[in-house]
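Asker:
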Amino acid sequence: MGISGHSSDNIMDKKGVSSINAIRRDYRAIFDRDPAARSPLEVVLTYSGFHAIVLHRFAHIIHRAGLRFPARLISAVSRFLTGIEIHPGARIGPGFFIDHGMGVVIGETTEIGADVTLFQGVSLAGNGKDRGQKRHPTLGDHVLVGAGAKILGNIRIGEGVRIGANAVVLQSIPSHCTVVGIPGRVVRTKERGYPEAYLNHQDMPDPFLERIESLEKIISDLREELDSARNGRMKP
Ligand SMILES: CC(C)(COP(=O)(O)OP(=O)(O)OC[C@H]1O[C@@H](n2cnc3c(N)ncnc32)[C@H](O)[C@@H]1OP(=O)(O)O)[C@@H](O)C(=O)NCCC(=O)NCCS
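In the numbering used here, the protein residues as written are 1303 to 1538.
1) Out of 1332, 1442 and 1385, which one is the CA nearest neighbour of residue 1405?
2) Hey, would you say the C-beta of residue 1452 is under 8 Å away from at least one heavy atom of ligand 1?
3) Near residue 1479, which residues of its chain fall below 6 Å by C-beta distance, leaving aside the five closest residues on each side in sequence?
4) What residues in its chain sit with their C-beta under 6 Å from that of residue 1424, if we drop five residues either side in the sequence?
5) Taking all protein chains shown into account, decide if residue 1518 is buried (16 or more other Cβ within 10 angstroms of its Cβ) or exposed.
6) Since residue 1400 and residue 1414 should fall inside the 8 Å C-beta cutoff, what is the C-beta to C-beta distance between them, to a whole number of angstroms?
7) Mind checking which residues open and close the beta strand (DSSP E) that includes residue 1489?
8) Per DSSP, residue 1399 is paired with what?
9) Using alpha carbons as the reference points, say which of 1327, 1523, 1382 and 1377 lies closest to residue 1418.
10) Kindly indicate the opening and closing residues of the alpha helix (DSSP H) around residue 1346.
11) Closer than 8 Å: is that where the CB of residue 1335 sits relative to any heavy atom of ligand 1?
12) Can you grab the Cα-Cα spacing for the pair residue 1442 / residue 1434, in whole Å?
13) Looking only at its chain, what residues have a beta carbon closer than 6 Å to the beta carbon of residue 1333, apart from the 5 residues adjacent to it on each side?
14) Short of 7 Å in beta carbon distance, which residues of its chain neighbour residue 1356, apart from the five on each side in sequence? Order them along the chain.
15) Taking 9 Å as the threshold (C-beta atoms), are residue 1420 and residue 1351 in contact?
16) With 9 Å set as the bound, which would you pick, yes or no: does the beta-carbon of residue 1380 sit closer than that to a beta-carbon of chain B?
17) Would you tell me roughly how many angstroms separate the C-alpha atoms of residue 1370 and residue 1364, rounded to the nearest one?
18) So residue 1459 packs on residue 1475, CB below 8 Å; how close in whole Å?
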């Protein structure tokens, strides 16, 4: 079972046909989540994130069969071709989508739920301190991880969590939150039913612009208060 009760592990445990089903869902996820995806041929031939997950699903089967070296070889070839490094031991649910891809690193004991989206430069990695069996993070279903974000150590990221670009997450995060910054802090919580990850980049927020707008509003309120205080004083 996945961390939130979905059936991703069943899909992977059955190997063969069930991995094919997982790949079908990976393929559909691209059309569901990337408005730039136009034709099947384009996706199959040019999406490095798709190439990486297909190769990983085969490497993972071989890894589970105990053929660790051939599995690492497939993973190394995949990294050479795609710029995405996924350890064959990582357990990844269906509907997985890595957009752009270059620089993504996924460690050996990482577990990823269903319908998760990663952007380029994401690391799901160890923190250099955990020495146990499980050193890498566990991500729930429908998690979105922004470009350049690092999730480090044996921590759990709950279902539907959105991690902002360049965040560094060092602690477990409850479901349906937004996390940003270094170290990552929760800035928003949502009720269940968070919308699916949709890569509508033109609607991305500009935090600096928002902060400037809020400061402008404060200054204008203060000006008004000052003016009315001055006017009050001038009255006889
Ligand atoms: C975090 C994210 C998913 C938005 O999630 P959300 O739940 O809609 O959150 P909001 O947009 O309401 O932002 C919440 C707060 O975090 C801030 N914030 C959002 N993203 C941030 C980031 N990456 N770093 C720092 N602060 C960020 C917002 O300004 C806002 O601050 P405020 O409450 O002071 O106004 C989105 O901003 C993001 O980073 N997406 C990744 C996109 C990406 O990697 N694209 C790569 C394309 S190649």
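Using N, Cα and C, we set each Cβ at its ideal position, and we do this for glycine too.
Just so you know, these numbers come straight off a predicted model, no measurement behind them.
Answerer: Per the coordinate set shown:
1) Check the Cα spacing between residue 1405 and each of 1332, 1442 and 1385: the tightest is with 1385.
2) no
3) 1463, 1488 and 1491
4) 1406, 1447 and 1451
5) exposed
6) Contact doesn't hold; Cβ gap of about 11 Å is too wide.
7) Boundaries of the beta strand (DSSP E) harbouring residue 1489: 1487-1491, taken from the DSSP string.
8) 1419
9) 1327
10) First-last of the alpha helix (DSSP H) with residue 1346: 1342-1348.
11) No, the beta carbon of residue 1335 sits no closer than 8 Å to any heavy atom of ligand 1.
12) Looking at the two C-alpha atoms, the distance is approximately 21 Å.
13) 1339
14) 1325
15) yes
16) Note that chain B does not occur in the displayed structure, where there is just one protein chain.
17) 7 Å
18) 5 Å
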